[in-house]
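Read through the structure below, which is laid out as structure tokens, and then see the notes.
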Ligand code: TRP
């Protein structure tokens, strides 16, 4: 049943001469969900921010795809201090729940309307209820008493329109199974950093927390680890000013799109993937539908942003092949315009396990170096790489592992060491300790930054919240397009 307050508000503004229509939608406080369920985008909706400007309260109406420029507001109002009203102040002034602001509040004497709001003929805004929105003609908004049109907002960094910047999109993610280790850093994060710092790309990096539930997990660990990965990202130099950094589960559209994608992927194809077989072997009895769907969700992660480049380790190539197949089929059957994403390889795309067998990974204790390890710990681990030599001078897997690290960290000396190995004079301990020191030297600045970030949880919360908002803006647009093309909208 409709809240009588919504009807009252609608009548109240009608009396001011603001014609309006009430739109119903699933109850949500999330703007992206609301606009996508109304088959609109963020640029079709506007929100009212209630702010404390020196000692009075003002309302500011701005489009939802814009960010308020506080400096411009201050200049416009000729004031010094500006902040968002607290939840208590908000409720006291408007009688509404925080987040439910409406355009017209009789208790507020001044309303600034950003001029970008007027670019559309109609705009959708709040109704005071999370289940309804109200559509108005934008030119009527000026009838709000005490309102004026100003220029105080900027289009946000990432627009809802996927073709906005013309830049190539990049997406990558790491599962939330623990803190990052050296294999993740060299295989994926270094590539992420390189692309982030290249102005030709628009980069989105997530923690794949939904993928974490495809294998056995504990709730507490998952909750902790998805945050740890974000801390690791930031400490490694991923920058929320340059990249969209977010948690996969916060953008539910990934899961929705994955289901649509699953209609063009066959069970047989998924069952035969080497990654699926390995995981089933590792966790017998946990051969779940989620695990089978893993590559489809990953395809959705990438394609929902129409990303064409994916910095990940070489072991992810079979998953990228699936993503390309899905893109092709979707484009063929439904006329979508998904790119066929390619892998972006780094020099350290395959980091072997310290055990001398397989790749460095969280699942095998003693196989990996943590990015937070001390020099002592690194030294101990590297020294434990099995380097006993075989007769005939052939390289054992352990020796090969050591040379992989020597190639990455001691590149100017590696030829010399190879010669020494061949004539049997190589001092393994010396090489091992040199590698350990080089690794530690690279990790030290990371470790210092990590401590600082860990100590500032409110900064972290802000990064996570804003990242999800930016990601959702793009993702909901793609889902809307796909639904339209598939006959679901
Ligand atoms: N499968 C990736 C891994 O295990 C993690 C991942 C999930 C991912 N979604 C992604 C990587 C999208 C790149 C893009 O490393």
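Numbering (the working numbering), first residue to last: 80 to 568. Where is the CB? At the ideal position from N, CA and C, for every residue including glycine. From a predicted model like this one, the values you see are computed outputs, not experimental measurements.
{"Item": "Closer than 6 Å: residue 377 CB and nearest the ligand TRP heavy atom", "Value": "yes"}
{"Item": "Own chain residues within Cβ distance below 7 Å of residue 36, not counting five before or after", "Value": "Only positions 80 to 568 of the chain appear in this structure, which leaves residue 36 out of reach."}
{"Item": "3-residue-minimum beta strand (DSSP E) runs that sit fully inside the stretch 403 to 443, ordered along the chain", "Value": "421 to 423"}
{"Item": "Beta carbon of residue 280 nearer than 7 Å to that of residue 247", "Value": "yes"}
{"Item": "Inter-residue Cα distance where the pair is residue 154 and residue 163", "Value": "16 Å"}
{"Item": "Residue 341 versus residue 352 - alpha carbon distance", "Value": "15 Å"}
{"Item": "Straight-line Cα distance separating residue 278 from residue 240", "Value": "Caution is warranted here: a pLDDT of 37 is assigned to residue 240, below 50, making its placement in the model unreliable, and the coordinate value is therefore given only provisionally. Cα to Cα, the separation comes out at about 19 Å."}
{"Item": "Which of helix, strand or coil DSSP assigns to residue 109", "Value": "coil"}
{"Item": "Near the ligand TRP: residue 288 beta-carbon under 6 Å from a heavy atom", "Value": "no"}
{"Item": "Start-end ranges of the beta strand (DSSP E) lying completely within the stretch 164 to 198, minimum 3 residues", "Value": "189 to 193"}
{"Item": "Residues near residue 566 by beta carbon distance below 8 Å, same chain, minus five either side", "Value": "none"}
{"Item": "Reference residue 325; option with closest CA among 250, 490, 376 and 265", "Value": "250"}
{"Item": "Burial state of residue 515, where buried means 16 or more other Cβ atoms lie within 10 Å", "Value": "buried"}
{"Item": "Alpha-carbon to alpha-carbon, residue 207 and residue 84", "Value": "8 Å"}
{"Item": "Simplified DSSP state of residue 252, which is helix, strand or coil", "Value": "strand"}
{"Item": "Exposure label - residue 338; buried when at least 16 CB within 10 Å", "Value": "exposed"}
{"Item": "Proximity test, residue 254 beta-carbon vs the ligand TRP heavy atom, cut-off 6 Å", "Value": "yes"}
{"Item": "Residue 224 - DSSP class collapsed to helix/strand/coil", "Value": "coil"}
{"Item": "Residue 228 CB to nearest heavy atom of the ligand TRP below 6 Å", "Value": "no"}
{"Item": "Test item: CB-CB of residue 150 and residue 231 under 7 Å", "Value": "no"}
{"Item": "For residue 369 and residue 293, the rounded distance between their alpha carbons", "Value": "5 Å"}
{"Item": "Buried/exposed call for residue 302, threshold 16 Cβ in 10 Å", "Value": "exposed"}
{"Item": "Runs of alpha helix (DSSP H) wholly within the stretch 274 to 325 (minimum 4 residues, chain order)", "Value": "288 to 291 and 298 to 315"}
{"Item": "Residue 380 Cβ short of 6 Å to the ligand TRP heavy atom set", "Value": "yes"}
{"Item": "Three-way DSSP call (helix, strand, coil) for residue 330 in this model", "Value": "coil"}
{"Item": "Buried versus exposed, by CB contacts within 10 Å (16 or more), residue 544", "Value": "exposed"}
{"Item": "Close beta carbons around residue 198, own chain, < 7 Å, minus the five adjacent residues each side", "Value": "none"}
{"Item": "Member of 379, 310, 312 and 275 whose CA lies at the smallest distance from the CA of residue 334", "Value": "379"}
{"Item": "Own chain residues within Cβ distance below 8 Å of residue 114, not counting five before or after", "Value": "120, 121, 123, 124, 143, 203 and 555"}
{"Item": "Nearest neighbour of residue 446, chosen from 463, 455 and 422 [CA to CA]", "Value": "463"}
{"Item": "Buried versus exposed, by CB contacts within 10 Å (16 or more), residue 224", "Value": "exposed"}
{"Item": "Cutoff 7 Å; reference residue 541; Cβ partners in own chain excluding five residues on either side", "Value": "none"}
{"Item": "Own chain, CB closer than 6 Å to residue 169, minus 5 neighbours either side, in chain order", "Value": "129 and 177"}
{"Item": "Counted within 10 angstroms of its Cβ, other Cβ atoms place residue 81 as buried (16 or more) or exposed", "Value": "exposed"}
{"Item": "Extent of the continuous alpha helix (DSSP H) to which residue 383 belongs", "Value": "Note, residue 383: premise wrong, no alpha helix (DSSP H); not H, not E."}
{"Item": "Beta-ladder partner(s) of residue 139, from DSSP", "Value": "128 and 191"}
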